[in-house]
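In numbering that gives the first Met the number 0, the protein residues as written are 0 to 445.
One structure is given here, and the rest of the page talks about it.
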Amino acid sequence: MNKPRILLVDDNESFLELFLSLDEAAAFDITALPSAEKALDTLERQSMDLVICDVQMPHMNGIELFHRVQDRFSDVPVILITAFGSTEQAIQAVKEGAFHYFEKPLHDKMDLFWATVREALAKRQILKEISTLLRERSMRTGTPPTIIAQSKGMKKLLGTVRDVAPLPVTTLITGETGTGKELVARAIHQMGDRKDHPFVAVNCTEFAAGILESELFGHEKGSFTGAVDRKIGLFDVAHKGILFLDEIGEASPAFQAKLLRVLETKTFMRVGGTTPIYSDFRLIAATNRNLQEEVSTGGFRQDLFYRLNVCTIEIPPLRDRREDIPPIADFYLKRFCNTYGKPIEGFSTNAALWLRQYDWPGNVRELINVVERGVITCRGNRITTRHLPFNMEGAGPLSDLNLKDVERYVISMAMKRAHNNKTKAAELLGISRKTLIEKVKAYGIT
């Protein structure tokens, strides 16, 4: 079994040497470092089970190190070692979450010290086990991102997602409102090597420019009116995970400039702060705008566009992938039936035809809303056209059991979409031009 890993931080080399020579120290894998800066660098590269640090150190003291560990590695307990004059700071740190503190010299309280070390390590182990159980349960019972792809365009998109997911590359997802840009971003997260780390989603239109900056960068206590406590920013929360910025085309010019700097250096400072913070996040951005056009008109920074446009995934609108409409509708029908406890078996023939032929300006989001409304209002075992909130242009009263009416309707819609070009209409229907002409004549379609 591996020994528990302890990070010991003190600028007094004599103390470090004395500590490492103690018999009890042999039970642990101890890394001794002379500064808080080196300790943070080590924590970025290695997993530690406990941090023991002196309070009084040059440059960054132990209290500041504790706050940094608390912010970035919240499940790693910290024990503080204090000298005369710093006890009050240590007591305050314990109130804020430090595991314990001890006053120097330690030689008269070593039994209590080692007992506290073991107690802190036991707590760390319990937290790790709970985290593992929660992650495993989430993987077993959680609903993974479901991208339904029957059409060629969406199958190609899924292939791109699989190729891009394991790469640490900034990705831009484009598409009309409601096409499922966040769903694609979550699929990249689930298929990649960051799936066990956070997926942080932010819609740039939900916040005013100043509030958006505070949400992402965080702020220090007292940095502005109302900042009564330190706030950890979402750049920090997304460390080792994915940050998804939706509607990036709506971001203000000032925020665009700050985001560009963060992407170039992977470091940022909280509002009101002076210490650079490193965050290893992967950025996925999304927009329903044409950013190239925005760049040409001065609405979007060209340098930021190039930084975001390393890999682009364009989601086609639902009207261009009608093969996906029936399986998407069936998927959400089953989901909402479970939610509302309805025994609905499916859609009537007419309702299914109308769903497929409607142009869906709101895309998948609109389709989902229509299906949910149908489930709520339906009292029978099938959703029919009267449960749908729209009427198809040119759709007459069809009987669910009248095959001729259904065929006439489908041919009429094919002719309309093909602008009365019989060859194209036949291709859409999967029949020969001769057969189409015969049916057009038989049904009196003009």
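C-beta: ideal position from N, C-alpha, C; glycine also.
Cβ-based burial, residue i [other Cβ within 10 Å; buried from 16]
i: residue 198; result: buried
i: residue 362; result: buried
i: residue 207; result: exposed
i: residue 180; result: buried
i: residue 163; result: buried
i: residue 50; result: buried
i: residue 324; result: buried
i: residue 408; result: buried
Three-state secondary structure (DSSP) of residue i
i: residue 171; result: strand
i: residue 273; result: coil
i: residue 408; result: helix
i: residue 154; result: helix
i: residue 204; result: coil
i: residue 372; result: helix
i: residue 230; result: strand
i: residue 441; result: helix
i: residue 284; result: strand
i: residue 250; result: coil
i: residue 30; result: strand
i: residue 10; result: coil
i: residue 195; result: coil
i: residue 267; result: strand
i: residue 242; result: strand
i: residue 217; result: strand
i: residue 387; result: coil
i: residue 50; result: strand
i: residue 146; result: coil
i: residue 187; result: helix
i: residue 62; result: helix
i: residue 430; result: coil
i: residue 139; result: Summary for residue 139: the model assigns pLDDT 43, below 50, so the residue's position carries little reliability; its value from the coordinates is reported in the next sentence. Residue 139: helix per DSSP, three-state reduction.
Rounded distance between the beta-carbons of residue j and residue i, thought under 8 Å
i: residue 316; j: residue 175; result: 5 Å
i: residue 172; j: residue 312; result: 5 Å
i: residue 79; j: residue 92; result: 6 Å
i: residue 28; j: residue 2; result: 4 Å
i: residue 241; j: residue 193; result: 6 Å
i: residue 424; j: residue 431; result: With 8 Å as the limit, residue 424 and residue 431 do not qualify as a contact, their Cβ atoms being about 11 Å apart.
- Task: May I have a chain-ordered list of the alpha helix (DSSP H) segments no shorter than 4 residues that lie completely inside the segment 71-114?
- Result: If you keep only unbroken alpha helix (DSSP H) runs of at least 4 residues inside the segment 71-114, you get 86-94.
- Query: Is it true that the segment 243-255 meets the segment 286-295, where meeting means three or more beta-carbon pairs spaced less than 8 Å apart?
  - Reply: Yes, the segment 243-255 is in contact with the segment 286-295.
- Message: Within 8 Å, do at least three Cβ pairs link the segment 31-42 to the segment 61-69?
- Response: When C-beta atoms of the segment 61-69 are compared with those of the segment 31-42, three or more pairs fall below 8 Å, so the two segments count as touching.
- Query: Are the segment 367-374 and the segment 330-344 touching by the rule of at least three beta carbon pairs closer than 8 Å?
  - Reply: Judged by Cβ distances under 8 Å, the segment 367-374 makes contact with the segment 330-344, as three or more pairs qualify.
- Query: Which parts of the segment 295-380 are runs of the alpha helix (DSSP H), unbroken and 4 residues or longer, counting only runs that do not cross its ends?
  - Reply: 301-307, 324-339, 348-356, 362-376, all fully within the segment 295-380.
- Message: Does the structure place the segment 16-24 close enough to the segment 230-244 that three or more beta carbon pairs sit under 8 Å?
- Response: With fewer than three CB-CB distances shorter than 8 Å, the segment 230-244 does not count as touching the segment 16-24.
- Item | Inter-stretch contact (C-beta, 8 Å, three-pair minimum) for the segment 65-74 and the segment 121-130 | With a cut-off of 8 Å, the segment 121-130 and the segment 65-74 count as touching, because enough Cβ pairs lie within range.
- Item | the segment 258-278 in contact with the segment 208-220 per 3-pair CB rule at 8 Å | Touching, yes, given that three or more Cβ pairs across the two stretches are closer than 8 Å.
- Message: So, does the segment 149-165 touch the segment 181-198, judging by three or more C-beta pairs under 8 Å?
- Response: Three or more beta-carbon pairs separated by less than 8 Å link the segment 149-165 to the segment 181-198, which places the two stretches in contact.
- For the 8 Å Cβ check, are there 3 or more pairs between the segment 291-307 and the segment 350-357? They do not touch, by the three-pair rule.
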